[in-house]
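Participant: This is the structure I want to talk about, given as structure tokens.
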Ligand SMILES: [Zn+2]
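Residue numbers (our numbering): 10 to 444.
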């Protein structure tokens with residue numbers, strides 16, 4: 010028997026910034042379950058989000074347990090202490106059972122000559138030609154390559170080990186799921202780098218179940234992938250091949266999955282991801298968070314009246330504080346300031362105009378990705394409105410919940426993981442006449 014909790018093949022990070030949408034999110038998982046696919050919901054929230062909003066991990070726990078009880082969800086679900094480090098993990102300890110250990114800050118910091126040498130000496134198999142099934146060309150590495158890569162990542166992995174053992178002491182090894190994230194850094198990790206990182210994680214005895222590398226291309230918040238989709242597909246496939254290979258070779262607890270951060274709304278890579286998962290019979294963890302907060306704003310706008318007024322106010326405040334809101338997210342947004350509508354324009358919008366600009370429907374010509382990204386990072390504005398915002402969420406719960414569920418189910422879960430349904434057959438001319 011496995012001594013660790015197991016995450017399951019497919020899981021979704023479903024962030025719920027204001028802790029009011031857990032039920033609507035869970036409903037999307039129930040709809041998927043009705044079609045015979047299990048998606049394990051994982052409510053992820055980082056310390057940064059908690060700080061900006063002024064919430065506590067205990068709030069997430071209460072909201073999620075309530076939703077699970079009320080909807081009668083009988084399958085596993087988890088709470089993710091997202092992007093934690095040693096300094097920020099403790100407040101999550103009693104409430105989280107999934108920990109995303111973020112060691113991106115330690116990448117590139119020297120691990121020390123001795124530990125690099127020890128690592129390379131103990132891994133002669135990493136030097137030379139490495140044949141990995143399903144990767145066209147064998148990886149070729151020299152001792153100098155392995156030393157360089159180990160020099161870059163070993164300290165990060167050792168830090169992950171320290172944080173993992175700290176959590177294990179507090180919670181007991183068997184009681185949580187471990188993710189290691191390296192996505193918030195400048196350059197993507199190549200397949201040989203991933204292989205060396207996995208060997209090092211195995212040395213540290215970290216039972217990692219999901220790993221979040223930085224992929225090629227831009228993963229801007231709340232909008233589609235920007236980059237070379239073909240290259241992404243090649244790398245994603247190579248990463249899955251490396252994971253399958255390393256899991257067997259280093260005895261990682263497995264099944265180890267890739268975790269895609271800022272994974273919401275990356276519609277143009279969902280088909281490549283889907284193909285790759287099928288080819289490798291691999292699982293996936295996909296993190297979405299801000300996409301749900303945007304559905305709250307869409308629901309408010311759709312509600313009209315005071316809901317629409319509040320949605321407009323959130324935008325105009327966000328526009329006024331754009332610099333401050335965008336600064337912490339500079340790496341993950343791409344806003345064309347010239348495309349941001351003026352305050353006066355938005356104040357004159359109908360519900361439909363507001364919703365068309367914000368909802369991620371690429372076929373709608375009024376959809377405005379700059380408007381959407383600014384609101385994505387603008388949740389601080391809503392947080393500042395305090396009870397006024399929370400009361401509006403309660404007042405317009407029905408229309409918001411519908412948008413939250415539909416967004417996750419139709420635009421995310423279905424294209425990624427549900428079996429494709431055949432398009433309805435066109436009626437013959439005779440049938441059409443008879444109808
Ligand atoms: Zn992340």
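All C-beta atoms in this analysis are idealised placements derived from N, C-alpha and C, irrespective of residue type, glycine included.
Less than 7 Å separating the Cβ of residue 294 from some heavy atom of ligand 1?
Facilitator: no
Participant: Please report how far the alpha carbon of residue 10 lies from the alpha carbon of residue 177, in whole angstroms.
Facilitator: Annotation note: pLDDT 40 at residue 10 (below 50); position unreliable, no value reported.
Participant: Three or more C-beta pairs closer than 8 Å, one from the region 302-314 and one from the region 385-403: is that the case here?
Facilitator: yes
Participant: Pick from 182, 420, 59: whose alpha carbon is nearest that of residue 371?
Facilitator: 420
Participant: Runs of 3 residues minimum, wholly inside the region 136-172: which ones carry the beta strand (DSSP E) assignment?
Facilitator: Correct list: 137-139, 148-150.
Participant: Helix, strand or coil for residue 87, going by three-state DSSP, please let me know.
Facilitator: strand
Participant: Residue 50 and residue 21 look like a contact to me (Cβ under 8 Å); what is the Cβ gap, rounded to whole Å?
Facilitator: Yes, residue 50 and residue 21 are in contact; Cβ-Cβ is about 6 Å, under 8 Å.
Participant: Mapping DSSP to helix, strand and coil, what is residue 337?
Facilitator: helix
Participant: Using 8 Å as the threshold, is the region 81-88 in touch with the region 33-43, meaning 3 or more CB pairs across them?
Facilitator: Enough Cβ pairs lie closer than 8 Å, so yes.
Participant: Let me check one thing: in DSSP terms, what residues is residue 276 bridge-paired to?
Facilitator: DSSP lists no partner for residue 276.
Participant: Just checking residue 273 against ligand 3 - is the residue's beta carbon closer than 7 Å to any of the ligand's heavy atoms?
Facilitator: In the structure shown, ligand 3 is absent; the only ligands present are ligand 1.
Participant: Should residue 99 go down as buried or exposed, given a rule of 16 or more other Cβ atoms within 10 Å for buried?
Facilitator: So residue 99 ends up on the exposed side.
Participant: Just to confirm my understanding: we take residue 426, look at its own chain, exclude 5 residues before and 5 after, and list those with CB closer than 6 Å. What are they?
Facilitator: 19, 46
Participant: Count the C-beta pairs between the region 215-223 and the region 324-332 that are closer than 8 Å, then say yes if the count reaches three, no if not.
Facilitator: Under the Cβ criterion (8 Å, minimum of three pairs), the region 215-223 does not count as touching the region 324-332.
Participant: Report, in whole angstroms, the separation of the C-beta atoms of residue 165 and residue 116, which I expect to be a contact under 8 Å.
Facilitator: 5 Å
Participant: Is the region 230-240 touching the region 126-139, taking contact as three or more C-beta pairs under 8 Å?
Facilitator: no
Participant: Following a CB-centred definition, is residue 221 positioned closer than 7 Å to any heavy atom of ligand 1?
Facilitator: Ligand 1 has a heavy atom closer than 7 Å to the beta-carbon of residue 221.
Participant: Between the region 346-358 and the region 185-198, can you find at least three pairs of beta-carbon atoms closer than 8 Å?
Facilitator: no
Participant: With DSSP as the reference, label residue 300 as helix, strand or coil.
Facilitator: Of the three classes helix, strand and coil, the one that applies to residue 300 here is helix, per DSSP.
Participant: My guess is that residue 126 and residue 91 are in contact by the Cβ rule of under 8 Å, so how many angstroms apart are they, rounded?
Facilitator: About 35 Å; that fails the 8 Å criterion.
Participant: Is residue 178 close to chain B, meaning its C-beta is less than 8 Å from at least one C-beta of that chain?
Facilitator: Of the protein chains in the structure, only one exists, and it is not chain B.
Participant: CB residue 141 to CB residue 289, shorter than 8 Å?
Facilitator: Not a contact, by the Cβ cut-off of 8 Å.
Participant: Could you pull out every residue in the same chain whose Cβ sits closer than 7 Å to the Cβ of residue 58, ignoring the five residues on either side in sequence?
Facilitator: Hits under 7 Å: 26.
Participant: Mapping the DSSP letters down to three states, classify residue 10 as helix, strand or coil.
Facilitator: In this prediction, residue 10 scores a pLDDT of 40, lower than 50, which makes its location untrustworthy; the coordinate-derived value is nonetheless stated afterwards. Here residue 10 sits in coil by DSSP.
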